[in-house]
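Everything below concerns the one structure shown next.
Protein chains: 2
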Amino acid sequence: METLTAQLLAGNKRALARALTIVEDGGKDACSVVRQLFPYSGKAHLIGITGSPGVGKSTLVDALVTEIRKADLKVAVIATDPTSPFTGGAILGDRIRMQAHTLDQNVFIRSMANRGHAGGTSLAIYDAVRMLEAFGYEIIIIETVGVGQTELSIAKTADTTILVLMPGSGDEIQAIKSGIMEIGDLFVVNKGDLPGAHKTASEISYSLELAQHFPGWTPPVLVSIAETGAGLDEIWQAVGKHRQYLLESGMLEERRKAKVAAELEELVSEIVRTNLKASLEHSHIQELLHQVLAREVDPHSAAENLIKELFGSN
Amino acid sequence: METLTAQLLAGNKRALARALTIVEDGGKDACSVVRQLFPYSGKAHLIGITGSPGVGKSTLVDALVTEIRKADLKVAVIATDPTSPFTGGAILGDRIRMQAHTLDQNVFIRSMANRGHAGGTSLAIYDAVRMLEAFGYEIIIIETVGVGQTELSIAKTADTTILVLMPGSGDEIQAIKSGIMEIGDLFVVNKGDLPGAHKTASEISYSLELAQHFPGWTPPVLVSIAETGAGLDEIWQAVGKHRQYLLESGMLEERRKAKVAAELEELVSEIVRTNLKASLEHSHIQELLHQVLAREVDPHSAAENLIKELFGSN
């Protein structure tokens, strides 16, 4: 394990790929790798990109990577895929996109699925970001598919979150209704060549003015055509301005503290859940399940009994 | 509290509404109400309805309620709304739809948001279903917005889960890719008057044949036009056949056991999370947070320390 981390720190991409697989799988090995590389982490700026399927997130990420490379920064992309809650398998597998960047040594792309962690993908992503930071990536893009609660919790791991929408999809209304607007530091109406793009942007701007989520920061609403790269320089500039705002206002520190608290909460929950899963095999816990099914014990009382069983004795 | 439950069992709708608010808020009162009514629960057939926004779920639920009333069964609808992870507020609020049923004493409609429960809406829904069962509803429809992980965990609380799609949205491909197909006991292609409806249905059927998720049950794929009620009788018949399958195969018992295990897991996690949240205020836990921020302690080690702090002493 120490060889692996030494190789990673020396710039060996194979070591990086292996470390990422290890943190994705979770468990003891993941803890060990993270323990060793944690001191070298925390330096990158994290950009979260989220939005409904079909708005062109992948193309936008592609174009943003091009923009970031113009600034001569090393960039990594983590694309998270929705995962079946039943089989736990990954879906997209190897990505065939972003072929324009495959020969660029300073671009790294990785798809991640929810494998080892019961607590969802976000725990693995926290650790994956650390691996990429230790390796030396300066910008890390976390792309999530969809705007469900899982995706939102992933989006919250970023420093700057970009919410991508498209004109005429009704997405903006859905977003406003669902409170998703609150997570956006920056809004992009992609497919800006479609009719209604600027109208959609105005509607979003208007609802943001009403909301005022962040003191000192009004999220800009930009229009882009990711296919052609139009509007991408403005997006990249806005990310820079947002980073400056985070640093000057002290929000970066505050957000990162909230992130650590959230991560600890998830980690503790995961440890508890693992203990619980193991204990469900025991015959007296099975007996408890049957008592609930027979309506002899209600679930809340059963849960209290379980906690006593699990932690009461140590 | 005992008056409340007595009134609810006597058929007082106001008592039911109050009990639902109590379980939605969570906490000690919720546990107490559930403890009293739990013995009267477990008798209804639960139908979960899920699908992307815009496929016409609400209209379909409306039409299905009409169908269920034709069979002279008492039916309740729980509509769960996506909730902002930041403000915790509900969105849709009072529902203005389903006006056709407002005068029908045997139909009950309730929107639920994720309020008291840290563990998400599903815990409140388990308990809400119990209240509705104790009151005497024979069919309970649980409608969720979206197909994220939260919605899936809610869908899993049902006995029969209906996945609603629409033609030409690309939804079916998204669903196949994301593994969401696996949760459907029944598939409905709504807006069947749009072009491509039957093609979409065939594609879904084909992918289901390849998958074979449930031994002894091939999920039917039906086409409906919820607006006009076309296809609704077939859907309701299919629900009946699925219930028969669940009973005859012993799957109903098996699923309900798995549901109790999942609920206990969530309840235990919630109790732990509540303890943890409270302890984060303590100065030595704050110190731990700062050590992680200063990269002196890695998060995994910090989580282990936290567990010891929280449970080690009792």
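Chains as they are written, first to last, in the numbering used here: chain A, 481 to 794; chain B, 481 to 794.
Beta carbons are placed, not taken as given, at the ideal position from N, Cα and C, and that holds for glycine.
All figures in this text were calculated on a predicted structure; none of them were measured in a lab.
Only Arg515, Phe518, Pro519, Ser521, Gly522, Pro533 and Gly534 from the stretch 515–536 of chain B bring a Cβ to less than 8 Å from some Cβ of chain A. Distance check between A/Asp509 and each of A/Thr698, A/Ile642 and A/Asp607 places A/Asp607 closest, using alpha-carbon atoms only. Runs of the beta strand (DSSP E) lying entirely within the stretch 695–751 of chain A, each at least 3 residues long, are 701–703 in chain order. B/Val587 carries a strand assignment under DSSP once its states are collapsed to helix, strand and coil. With fewer than 16 neighbouring CB atoms inside 10 Å of its own CB, A/Lys757 falls in the exposed class. Annotation: the continuous beta strand (DSSP E) that includes A/Thr530 extends over His525 to Thr530. The three-state reading of DSSP puts B/Val535 in coil, since its state is none of H, G, I, E or B. Scanning its chain for C-beta atoms nearer than 8 Å, with the 5 sequence neighbours on each side dropped, one finds around B/Val609 the residues Ser521, Ala524, Leu526, Ile558, Ile620, Ile622 and Thr637, in chain order.
Scanning chain A for C-beta atoms nearer than 7 Å to the C-beta of B/Glu745 yields Arg753 and Leu756, reported in chain order. Under the 8 Å criterion on CB atoms, A/Val503 is classed as non-interfacial with respect to chain B. Annotation: B/Glu784 to B/Glu761 spans about 18 Å, alpha carbon to alpha carbon. Pairwise C-beta distances place the stretch 666–676 of chain A in contact with the stretch 706–720 of chain A, as three or more of them are shorter than 8 Å. Among the residues facing chain A, B/Val740 is included, as its CB has a counterpart in that chain under 8 Å away. At a cut-off of 8 Å between C-beta atoms, B/Pro779 counts as an interface residue with respect to chain A.
Counted as a single uninterrupted DSSP element, the stretch harbouring A/Thr640 is not any alpha helix (DSSP H) but the beta strand (DSSP E) occupying residues Thr640 to Leu645. Per DSSP, B/Ala783 has no beta bridge partner at all.
One Cα belongs to A/Asn586, the other to A/Val644, and the distance between them is close to 25 Å. The stretch 712–725 of chain A makes no contact with the stretch 730–738 of chain B, as fewer than three CB pairs between them are under 8 Å. Excluding sequence positions up to five before and after B/His678, its CB lies within less than 7 Å of the CB of Val703, all in the same chain and listed in chain order. Cβ contact annotation for A/Ala543 (same chain, cutoff 6 Å, sequence separation greater than five): Ala706, Gly709 and Leu712, in chain order. Counting along the chain, A/Glu623 sits inside the beta strand (DSSP E) bounded by residues Ile619 to Thr624. Look at the stretch 761–790 of chain B: the residues with a C-beta under 7 Å from a C-beta of chain A are Leu769, Val772, Leu773, Arg775, Asp778, Pro779, His780, Ser781, Ala782, Ala783, Leu786 and Ile787.
Listed as beta-bridge partners of B/Val557 by DSSP are B/Ile589 and B/Ile621. Out of B/Val669, B/Ala490 and B/Ser729, the CA that lies nearest to the CA of B/Pro695 is found in B/Ser729. Rounded to the nearest whole angstrom, the CA to CA distance from A/Ser591 to B/Val513 is 46 Å.
With its beta carbon at least 8 Å from every one in chain B, A/Val644 lies outside the interface. Around the C-beta of A/Ser532, 16 or more other C-beta atoms lie within 10 Å, and the residue is accordingly described as buried.
For B/Val545, the closest C-alpha among the options B/Phe667, B/Glu613, B/His581 and B/Leu603 is that of B/His581.
In terms of beta-carbon proximity, B/Arg549 stays away from the interface with chain A, with every pair separated by 8 Å or more.
Residue pairing by DSSP places B/Phe615 in no beta bridge whatsoever. Counting of Cβ neighbours within 10 angstroms places B/His770 among the exposed residues, the total staying below 16. In this structure, the alpha-carbon of A/Tyr617 lies about 11 Å from that of A/Gly491.
A direct Cα-to-Cα measurement between B/Asp552 and B/Thr501 gives close to 27 Å. Looking from the CA of B/Tyr725, the closest CA among B/Pro700, B/Leu747, B/Thr754 and B/Val748 belongs to B/Pro700. With respect to B/Leu773, B/Ala614 sits apart: the two C-beta atoms are not nearer than 8 Å.
For the pair B/Ala604 and B/Ser538, the Cα-to-Cα distance works out to about 21 Å.
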